[in-house]
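So the protein lines, in turn, are chains A and B. No gaps in the numbering here: position 95 of the first sequence is 95 in full-length UniProt numbering, and each next residue is one more. No gaps in the numbering here: position 66 of the second sequence is 66 in full-length UniProt numbering, and each next residue is one more. Reading through the C-alpha cells given below for one structure.
There are 2 protein chains.
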Amino acid sequence: MINVYDTANQLEKDLRESQEYKDLQAVVAKVKADDATFAVYKKLREAQKTLQEQQMQGTLDEKVMKSLQEISQEASQYPLMMELMEKERAISVLIDDLNKIIFKPLSEVYDIEG
Amino acid sequence: MINVYDTANQLEKDLRESQEYKDLQAVVAKVKADDATFAVYKKLREAQKTLQEQQMQGTLDEKVMKSLQEISQEASQYPLMMELMEKERAISVLIDDLNKIIFKPLSEVYDIEG
C-alpha cells in the first residue's frame, strides 16, 4: 500500500538534513544571540505580519507600507540580517522547487480550461 | 547522500496515486463534460481569481465579494459542483497535512520569539 504520509515524513527529515536548512538554523541562532540584531529582526517580522493581515482584509494602507520600507532599510544595516536574508532566499528556492514538484498533480488537474 | 528532490518526486507519485487525488480527477472530468456545470465552474474560478488579486493589491471591494457570493450560491444548485467541492475539501485536508509535516522544520526554526 502506498503511504503518502510516510513519504512526507521522509521529506521532512531530508529537508532538515539539507545544507539550506542547516545554514538557516545557524544564522537564526546568531541573530537570536545578538540583542541589537534580534530587536530589529522582531520589528521587521511584526511589520511584515501587519502588512499581510491588511492584505488579507483588503485594508492595506500607505503608512504600513512606508513603515515596512523604513524598517527593511534599517535592517539592511545589520550584517547578520543580510546574512539571514541570503539564507532565506536560498531555502526559498528549495521550498519553491519542492512545492512545484509535489503539487504538480494538482495544477494538472485544474488545467482544464485549455 | 540525501536527495531531497528524489523524495519530493516520490511524494508527487504517491499523491497522484492517492484516493483523494483520483476522486478529484474523476469529478473534474465530469464537470468538464457537462456544459452547464462547466460554465458555472469557470465563472466561479474567475470570480475567485479577481477576489484574490484584489486582496493582494489591498483593493478589495464589496461588489466583488457580493458577486462571488452570488456565483457560489448559483454553483451550489449544480450537483456536480457540490461533488467537486466535497472532493476539493477532502484533498485540501490531505494537502494541509502534508504541508504541516514537510515544513515543520521551517516553523521550528522561526519559533524563536519564545
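Ideal placement from N, C-alpha and C gives every residue a C-beta, glycine not left out. Quick caveat, the model's predicted, so the values are computed rather than measured.
If you drop the 5 nearest sequence neighbours on each side, which residues of the same chain put their C-beta closer than 6 Å to that of L68 (chain A)? Within the first sequence, residue 68 (chain A) is the residue found at index 68, counting from 1. Only A47 and L51 meet the Cβ criterion.
Under the three-state reduction of DSSP, which class applies to Y37 (chain B): helix, strand or coil? Position 37 of the second sequence, counted from the first residue, corresponds to residue 37 (chain B). The identity of residue 37 (chain B) in the sequence shown is Thr, whereas the question assumes Tyr. Look at T37 (chain B) here: in three-state DSSP terms it is helix.
What does the alpha-carbon distance come out to for the pair I91 (chain A) and P79 (chain B)? Walking along the first sequence from the start, residue 91 (chain A) turns up at place 91. Walking along the second sequence from the start, residue 79 (chain B) turns up at place 79. Each residue's alpha carbon lies about 43 Å from the other.
Within 10 Å of its beta-carbon, does E12 (chain B) have 16 or more other beta-carbons around it, so buried, or fewer, so exposed? To locate residue 12 (chain B), count along the second sequence from 1; it is residue 12. Label assigned to E12 (chain B): buried.
Buried versus exposed, by CB contacts within 10 Å (16 or more), M82 (chain B): To locate residue 82 (chain B), count along the second sequence from 1; it is residue 82. Under this definition M82 (chain B) is an exposed residue.
Anticipated Cβ contact below 8 Å, V40 (chain A) with L84 (chain A), distance rounded: Position 40 of the first sequence holds residue 40 (chain A). Position 84 of the first sequence holds residue 84 (chain A). So it is not a contact: roughly 11 Å between Cβ atoms.
Count the other CB atoms, across all protein chains shown, that sit within 10 Å of the CB of D14 (chain B); report buried if there are 16 or more and exposed otherwise. Translated into the one-based positions of the second sequence, residue 14 (chain B) becomes position 14. Classified as buried, D14 (chain B) has 16 or more neighbouring CB atoms from the shown chains inside 10 Å of its CB.
Could you check what DSSP says for S18 (chain A) in three-state terms: helix, strand or coil? For the purposes of this step, residue 18 (chain A) is identified with residue 18 of the first sequence, where counting begins at 1. Coil.
Are any of the Cβ atoms in chain B nearer than 7 Å to that of Q55 (chain A)? For the purposes of this step, residue 55 (chain A) is identified with residue 55 of the first sequence, where counting begins at 1. Interface residue, yes.
Would you call the region 96 to 107 of chain B and the region 57 to 71 of chain B touching, i.e. three or more CB-CB distances under 8 Å? Taking a cut-off of 8 Å for Cβ pairs, the region 96 to 107 of chain B and the region 57 to 71 of chain B do not touch, as fewer than three such pairs fall below it.
Measuring straight from C-alpha to C-alpha, what distance separates Q55 (chain A) and Q54 (chain B)? Translated into the one-based positions of the first sequence, residue 55 (chain A) becomes position 55. Translated into the one-based positions of the second sequence, residue 54 (chain B) becomes position 54. If you draw a straight line from the Cα of Q55 (chain A) to the Cα of Q54 (chain B), it comes to about 9 Å.
In chain A, which residues lie with their C-beta within 7 Å of the C-beta of E12 (chain B)? As a position in the second sequence, residue 12 (chain B) is number 12, starting the count at 1. Neighbours of E12 (chain B) in chain A, taken as residues whose beta carbon is under 7 Å from its own, are I101, I102, K104 and P105 in chain order.
Using a cut-off of 8 Å between C-beta atoms, extract the partners of R16 (chain B) located in chain D. The structure shown contains no chain D; its protein chains are A and B.
Would you say A39 (chain B) faces chain A, with C-beta separation under 7 Å as the test? For the purposes of this step, residue 39 (chain B) is taken as the residue at position 39 of the second sequence. No, A39 (chain B) lies away from the interface with chain A (no Cβ there is under 7 Å from its Cβ).
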